[in-house]
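Residues in the sequence shown are numbered consecutively from 25, following the working numbering. Every residue, glycine too, gets a C-beta built ideally from N, C-alpha and C.
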Amino acid sequence: MALLFLQCPPGSSLSSRPLLPRSFLLQMFPDSGLTIVNSSANPGLLRPSLVYGKSRETPHTLSLPLSLTLAPHFYPGVWIPKHSSTSTMSKKTHRSRVVAVVLVVLTVSVIAAIATMVIFFKIQTADMNPTSRPTISPSTTPAPPVTRLPRSVIPDRYKIFLHLQFYTRTPEFENTTNENQTERFTGNSTLFFKSVQRSSAIYLHSSNLTVFDSVVRNVDTGEVVESRVEYNHEWSEFLQVSLGQALEVDGNYSLSLKFEGWMAFLNGMFLSIYEERDSETLRFLVVTHMQPTDARKVFPCLDEPDLKAVFQLNVIHRRDSSVLGNAEIFDSSIIDDEWKITQFYPTPRMSTYLLALAVSEFTPTPSLHDRVQINTFARPEVTAAGHALFAANMTGKILQFFEEMLGINYPQKKLDQIAVLYLDPEIAAMENWGLITYLEEVLLYEEGVSSLLDKETITEMIAHELAHQWFGNLVTMKWWNELWLNEGFATYMTYKAVDQVEPHFKTEETAMARHLQAAFSQDVLASSHPLIPPPEKVQTNSEIKDMFDDTTYTKGAMILRMLVDIVEERVFNKGIRSYLLDFSYRNSETRDLWNHIQKAVNEDGGHTRVAEVMESWTTQTGYPVITINTSNGEVSQKHFLLNHSSESSLWWTVPIRVMSKSSGPSMVWLDTDSTVKKEELISKNEDWVLANVNWTGYYRVNYDPGNWQSLLTQLETEPQKIPIMNRGQLIDDVFNLARAKLVNVTLALNFTRFLRKETAFLPWELAIKNLKYYVHMFDRSEVYGPLQAYLRRQVSDLYHFFKNYTDIAAVPQDHTSQHNQVLAINLGCSSGLPECVSMARTMFSEWMNNTDYSIHPNLRSEIYCHGVAAGGVAEWEFAWRMFENSIDISEKEHLKEALSCTKKIPSLNRYLQYTLDPEKIRLADVASIISFVVRNVAGQAPAWDFVRANWDYVENEVSAGLLESITSRFSTQFELEQMQQFFVENNMQHSVDAQKCIEEVQVNIQWVHEHRDILHRWFLHEAAA
């Protein structure tokens, strides 16, 4: 047994030396077998001079001076001296030379002795046939992993120490702003695990870390197992710890490792920056984002979702900062004048990707909850101004709703949220258990600056992340191919929570329809993927990240909504409560969910075979179009694809909720790929028939021409007879059926005529989204002029419906009416409605002349955009100055988009060039700015040229969605070939994203070729009517 003494070096004052907690030193060496002998009068505190050795009589002393600093290359908590005088150094140098000479003599003697022994051994054994050295059978060791870890060890818990050396404030002394110094971190971790397979190697994940000094110990016996750290390949993210003897089955072991690394860019652990509002001083903080596969960049671990464990985190950080983690703080102790250590209670059992910490000077805003301590952290000046109050108010309400709905209390005593300026460009928040991270713009609300509509976004974002505390954190999908169990559920539960805490938002009418259309638009391509791909198709990091798309989030939510309509909400809720209870702190598969809902269905006396019904919706790509002939009740289905040349034999088990003009809703089933007849689908007395009532089914519906005409007549005479969700659905279905050439394109356009008298938001929103495709396809052709004239005529009444509000920069009380007012301004000004353009130009001019001029926050985005669009260089320059000088996140977002609205190509090129300068445009905004410019017909070509010319720079800042938005307007063979060449030059031609873009452009080319003349004639006729 080794001993660890702590004593003062000769001549130093005991009282002047900093005290260290006994628990701190014990945890620094979790598996060293050291005993600490206290020389302090206080049994709980120790003074830092380290002595180690075999016994108290023969110690090896590390004599430390009074001035101390942490040694970044060793265990956090081990100290190295700062030399304080020349004389001391001289004496030490003399002593060192003597020691060096002695060591050289001893080394030579040892080498000579070993050589003599080897020669003697060879002579003695020359005539013998000795038994070979025992070896461990290769069959006991799993093969080195290629994509997945072997299941030879099962983790129990991690004990992690991290030493973060960054400064929260720019240091005032030399050499401390060096990037290498501030972004470097060191640490040690101990993994406690059970061996379930006899093995002579342990495999872990490690990425961009230097890992060394492994110690493997049999916890049951205390025996140390010989080990060494190895890497399979330089590019591999797998770390191998080779063992001198095999691990025993059912044995309990610990693996301790030291490591050092560098903070990454917006993943793993990274440095974030903000500027103090008053002093313009830079401040720094550290945040983590581990999902999906970046925990391995922070510490060596078993970084797969089903390898859950408990995490006990300890962080050494500078004294002017505070640390947040997943769990509550156990203790925080001062080490010296510069450092302190914060220790956390163990987390619940969870996946590695949920581990989180944040080190900052942020301050909290509390929420009301009868059991959980909830705090929302933000920059101190933001907290003081009350910008986190709305989020804090919503958080307590939503958490309580989920606890009551799901029948399971949130399992921790605290819940922190933190608003930061930078996260991965493709995400807005992350559901880390007990420490949720958000972008500032989706969490903070500033009265008088933020739009009232921002409250809806904030509430939805909080609801989504809180839903994950149950769906994803408490119960986690077994592997990433079933990510929808996390994200689909969280998206669906968002609607339920928001409708409860803010019913006037009418979330089903706004967000649900938006998400449904997003799912449809991605799932219609042949290059889409099933909701649950085979696990072998989701193995690499890039394949895992590709799962975070609209199919996973929104299709997942939509099929849950469809299932609720089938089995009824009370039965569904009973099933998911049972599912959550059964799999708490564990991992699940989709079949587990179906089993629990099936049990609830059976107990309720129902007959739905849940797994059988839902299998086709989860394991197949795409969705069907249901074709109904209301004259004879015939109904059939086929895979709906925009590319009509694609062939598919897929079919689904389809629930069809149907109503007619004279009868209420009822359910019929289509569970075959053949044509069948259903009595409920026959039109009686020339009534119209409406399928997919309230748009609960994940499919499209086509009718015979007579029924289409009857529905159209109803919309033009008494639209309220048709549910509002279906007024939107009819528009969305008929436009997409026209794109797939299943109905005539003029039929789709005829369904926009009734909008002249429509004031509800949903039908307008879906019509504009579909007509936007026509705008993008023809905004550089002769079709564009008549198309714009038709849009001006259609939107005129809606614009004037809100004109009395708009002209005085006011908004209506109703929430969905506020959405529709913004839509009316957007469509009116972009189509060239004279009174709209004049209004935007006048208000923007008033603002230029007087920056105190008040424009309602709801309207600023549209007024700024169309004011810049209607103006020239002076308006753009003014907007740029306001953007540069603004300190309000919401205001900067409005201006960031407005700058892309100009029709002046030199200004657009200048704006794009600014994205190459991080001093002007932060890296996190590069993708969104390019995306905004692409939306502008004048900016599409400059943006495409810019991206190609600067791909090396923007590649890491743009998302796959941005490339798709750029190329989605392409509709010529030249553009297709240019795009394909770009993909080849950048070795992207085989990627999923490239294939989506290519397929979409091919569909565009064919559709434009076939419909240009028809549409030109239709718009000319309607514009002249």
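In the structure shown, Tyr519 adopts helical secondary structure according to DSSP, grouped into three states. Around the beta-carbon of Ser670, fewer than 16 other beta-carbon atoms lie within 10 Å, marking it exposed.
For Leu228, the uninterrupted beta strand (DSSP E) segment begins and ends at 223-229. With a 10 Å radius around the Cβ and a threshold of 16 neighbouring Cβ atoms, Tyr798 comes out buried. Counting only residues of its own chain and dropping the five nearest sequence neighbours on each side, Leu851 has a CB closer than 7 angstroms to the CB of Ile792, Leu815, Val819. Around the beta-carbon of Ala1049, fewer than 16 other beta-carbon atoms lie within 10 Å, marking it exposed.
If you look at Gly420, you'll find it in the alpha helix (DSSP H) that goes 413-430. For Asn565, the enclosing alpha helix (DSSP H) starts and ends at 565-570.
Setting aside the 5 residues that flank it on each side, Gln221 is surrounded in the same chain by Ser176, each with a C-beta closer than 6 angstroms to its C-beta; the list follows chain order. Asp355: member of the beta strand (DSSP E) spanning 353-358, first to last residue. Cβ neighbours of Tyr277 within its own chain (closer than 8 angstroms, five residues either side excluded): Val177, Phe216, Phe217, Lys218, Ser219, Val240, Arg241, Asn242, Val243, Val249, Leu271. Spanning the alpha carbons of Leu766 and Val548 requires a straight line of approximately 14 angstroms. Under the three-state reduction of DSSP output, Ala948 falls in the helix class. Within the model, the alpha-carbon separation for Thr632 versus Met749 is close to 26 angstroms. Beta-bridge pairing by DSSP links His890 to no other residue. The beta strand (DSSP E) runs lying completely inside the segment 684-764 and spanning 3 residues or more are 690-694, 713-715, 724-727, given in chain order. If you draw a 10 Å sphere on the C-beta of Pro390, you find fewer than 16 other C-beta atoms in it, and that means exposed. For Ile583, the enclosing alpha helix (DSSP H) starts and ends at 580-591. Sorting Asp757, Arg777, Ile706, Gln1013 by C-alpha distance to the C-alpha of Pro743 places Arg777 at the top. Under DSSP, Gln336 forms a beta bridge with Lys183. Shown here for Gly268: same chain residues with a beta carbon closer than 6 angstroms to its own, the five before and five after excluded, namely Glu250 in chain order. Looking at the DSSP output, Val659 shares a beta bridge with Ile652, Val700. Here the C-alpha atom of Ala962 lies approximately 16 angstroms from the C-alpha atom of Glu806. Excluding the 5 residues flanking it on each side, Arg395 has no same chain C-beta neighbour closer than 6 angstroms. A direct Cα-Cα distance of roughly 33 angstroms separates Ile460 from Trp975. His553 is the residue among His553, Asp589, Ile600 whose C-alpha sits nearest the C-alpha of Tyr577.
Setting aside the 5 residues that flank it on each side, Phe1006 is surrounded in the same chain by Arg972, each with a C-beta closer than 7 angstroms to its C-beta; the list follows chain order.
The beta carbon of Asn456 lies closer than 6 angstroms to those of Leu378, Ala380 in the same chain, with the five residues before and after it left out. For Arg252, the enclosing beta strand (DSSP E) covers residues 251-255.
At a Cβ-Cβ threshold of 7 angstroms, Val717 and Glu704 do not count as neighbours. In this structure the segment 348-363 does not lie against the segment 316-330, because fewer than three pairs of beta carbons, one per stretch, are closer than 8 angstroms.
When C-alpha distances from Asp949 are compared across Glu627, Leu348, Leu447, Val637, the shortest belongs to Leu447. Per the DSSP secondary-structure output, Leu215 pairs in a beta bridge with Tyr182, Leu279. Glu480 sits buried, since 16 or more C-beta atoms from the chains shown fall within 10 Å of its C-beta. For Cys325, the secondary structure class from DSSP, reduced to helix, strand or coil, is strand. In terms of Cβ geometry, Val978 and Ser924 do not form a close pair [threshold 7 angstroms].
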